[in-house]
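Before any comments, here is the structure.
Next up, the structure:
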């Protein structure tokens, strides 16, 4: 059937094997080994189309191996490896197996060469991942998972519709570069956009990611959205509308991240924002910009995971990730604090950290193509990312006011996972060449120039200065126990309220109509009763004399009419 | 930050080594020093703009301290806007409950709440 062993099968085999291994260290070890084997297989795969077979008359390609799919396959394996070390202590079989299936589905999707297999893996990621939310096992998590599943499966259904339309139009199921035009490409584009959390399609993410388990959020943060970035880069590179969608994505979540109290939700908004950078890169579509998107996806999977890991460790030890309840943890969790700061520096693009060497490719890519306003927007977004993820998250968790909590340092497995991730964030920042070598196009870009370093440092330090000044002046919004309305309000409150309103309107109108009808019928019956009832006018026995009298009246009237 | 909240007493010997080494951060005077250091760094970075040849694509980038001013103003604007936005967007934590996790406690059996005193 296939000439190469598809890496996703390793994950499925691992997930099937896992429940048979004794729960505890042996099982955790097996889980961690799976992505290592997968990475080895991906690394060894020769470029080209493999795993082709025909199914009910359709030519399917399980493995399209090129530089674009390989780097995503590798970083997904790496993310799974790190997340599974982080989740070493988890003894919940559902979470263990679903994490593997989820990573496997994501890796299967990036190698899928046709829309049918893409669709299957696309839905696979949706179904496997929802269990990481449900694994929290609370009522809120159950409903959140339901909402998440509806959106994710919905995205798959739209993809399916697009695929069928595409087949109708072109007679091909191949997943190739497309141009936005008819309903087919638009459907596929929107399906990708839902998973990529385009503005107004994004709500599933800040809703669901903070609802997952401590380890589940780390796993969730890596795959679904970056799979969508891959799919957009493969299918819609150079589509201009993506520039504006991406620019909106890069700024719109910033405001929410600044006022949000739940630090895992702050990080979800920042994840959404980082996706905006990648989407801009895809929209610009030049080799430089696409390289930037892929490099940024790689870097951001790592630093975002690192940030989620550090706040997850805080949640694991203190029971909360609310900024309003945390503070002063640096004394007792100093290593977690340092790892968090490394993640923060990476997302903020400090020189020598990973974001610096990846994000700048996208900014240069957009400015080279003359998108000056977009460049300005992205610069603003960079400064914003520094404010909410670079300063706010570590500041309110580890510094700020002492919460009085004295949690122990994170367990060894979490520290190990964070340590490796932090090391990679710095390694990529200091020596980006190995990552550049993996990018789809040749890189002719030098990130470390005096101009770039000095200007970036200016941007960051003056942003920090603004934060400090506004904090001291009491203008910076204090952290309050609250939720903030986002677009999901429309379907969680407005929609139900509208339906309720319409329902009560219809029922009152209906009631009024039925009531009026009944009254009419009753009136009719009463009238009939009056006329034909036992004592009714028409049912009475009349004296003959009165009939003669009335006939005389009638005849008189006729006579009168005749003479007139 | 206001310093009205009393810092709970902690026996430094129970802190991890690194945590002990960082205790100087608790002292408000030292925080003041950090802010001074930040100010000096900022001044130095603007001064640095005059000392090298900038490779720029846009004319606006050539203005000395452009990135500094951009960073400061944009962040200040961002924070002020976010604060105003919150007035409109803020709701109680149980606004969506029970169909949301915001007002729920994280399930205790999935945590490992250990403190340094354990």
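Residue numbers (our numbering), protein chains in the order written: chain X, 543 to 1106; chain A, 19 to 136. All C-beta atoms, glycine included, are put in the ideal place defined by N, C-alpha and C.
- Around the C-beta of residue 582 (chain X), fewer than 16 other C-beta atoms lie within 10 Å, and the residue is accordingly described as exposed.
- Uninterrupted alpha helix (DSSP H) stretches at least 4 residues long and entirely within the stretch 897-944 of chain X occur at 914-927, 935-940, given in chain order.
- Listed along the chain, the chain X residues whose CB falls inside 7 Å of the CB of residue 77 (chain A) amount to none; the nearest CB is some 10 Å away.
- Nearest to residue 918 (chain X) by alpha-carbon distance, out of A:91, A:114, A:121, A:112, is A:91.
- For residue 590 (chain X), the pairing in a beta bridge is given by DSSP as X:607.
- Here the alpha carbon of residue 664 (chain X) sits roughly 7 Å from the alpha carbon of residue 648 (chain X).
- Taken atom to atom, the span from the alpha-carbon of residue 962 (chain X) to that of residue 108 (chain A) is near 38 Å.
- Your pair residue 750 (chain X) and residue 667 (chain X) does not check out as a contact, with CB atoms roughly 13 Å apart and the cut at 8 Å.
- Scanning X:817, X:729, X:722, X:800 for the CA closest to the CA of residue 740 (chain X) turns up X:817.
- Listed along chain A is no residue with a C-beta nearer than 7 Å to that of residue 911 (chain X); the closest approach is about 11 Å.
- Using a Cβ-Cβ cut-off of 7 Å, residue 850 (chain X) does not count as an interface residue toward chain A, since no Cβ of chain A sits closer than that to its own.
- Spanning the alpha carbons of residue 877 (chain X) and residue 997 (chain X) requires a straight line of approximately 30 Å.
- When DSSP states are grouped into helix, strand and coil, residue 1025 (chain X) belongs to the strand group.
- In the structure shown, residue 775 (chain X) falls within a helical segment according to DSSP collapsed to helix, strand and coil.
- For residue 708 (chain X), the enclosing alpha helix (DSSP H) stretches over residues 681-712.
- Contacts with chain A at 7 Å (Cβ-Cβ) do not include residue 766 (chain X).
- Using a Cβ-Cβ cut-off of 7 Å, residue 619 (chain X) does not count as an interface residue toward chain A, since no Cβ of chain A sits closer than that to its own.
- At a cut-off of 7 Å between C-beta atoms, residue 118 (chain A) counts as an interface residue with respect to chain X.
- Under the Cβ criterion of 7 Å, residue 89 (chain A) is counted among the residues facing chain X.
- Only 942, 943, 944, 946, 947, 948, 949, 950, 951, 953 from the stretch 942-953 of chain X bring a Cβ to less than 8 Å from some Cβ of chain A.
- Under the DSSP assignment, residue 1084 (chain X) falls outside any alpha helix (DSSP H); it carries neither an H nor an E label.
- Residue 676 (chain X) is outside the set of residues whose beta carbon lies under 7 Å from a beta carbon in chain A.
- Burial is judged here by how many other beta carbons sit within 10 angstroms of a residue's own beta carbon; residue 55 (chain A) has fewer than 16 and is exposed.
- Leaving aside the five residues that flank residue 933 (chain X) on each side, the residues in its chain whose CB is nearer than 6 Å to its CB run, in chain order, 1009.
- Neighbourhood of residue 921 (chain X) in chain A, by CB distance below 9 Å: 85, 88, 89, 92, in chain order.
- Taking a 10 Å sphere around the C-beta of residue 891 (chain X), we find 16 or more other C-beta atoms and assign the residue as buried.
- The beta strand (DSSP E) runs of length 3 or more contained entirely in the stretch 616-646 of chain X do not exist; there are none.
- Taking 7 Å as the cut-off, the beta carbon of residue 671 (chain X) is found closer than this to the beta carbon of residue 644 (chain X).
- Judged by their CB atoms, residue 860 (chain X) and residue 960 (chain X) are not nearer to each other than the 7 Å cut-off.
- Residue 941 (chain X) and residue 1003 (chain X) have their alpha carbons spaced roughly 19 Å apart.
- In the structure shown, residue 132 (chain A) adopts coil according to DSSP, grouped into three states.
- The C-alpha of residue 44 (chain A) is placed about 22 Å away from the C-alpha of residue 863 (chain X).
- The three-state secondary structure of residue 29 (chain A), taken from DSSP, is coil.
- Taking every protein chain shown into account, the CB of residue 965 (chain X) has fewer than 16 other CB atoms within 10 angstroms, so this residue is exposed.
- Runs of the alpha helix (DSSP H) lying entirely within the stretch 943-1024 of chain X, each at least 4 residues long, are 954-972, 975-980, 992-1014 in chain order.
- Within the DSSP bridge table, the entry for residue 67 (chain A) names no partner.
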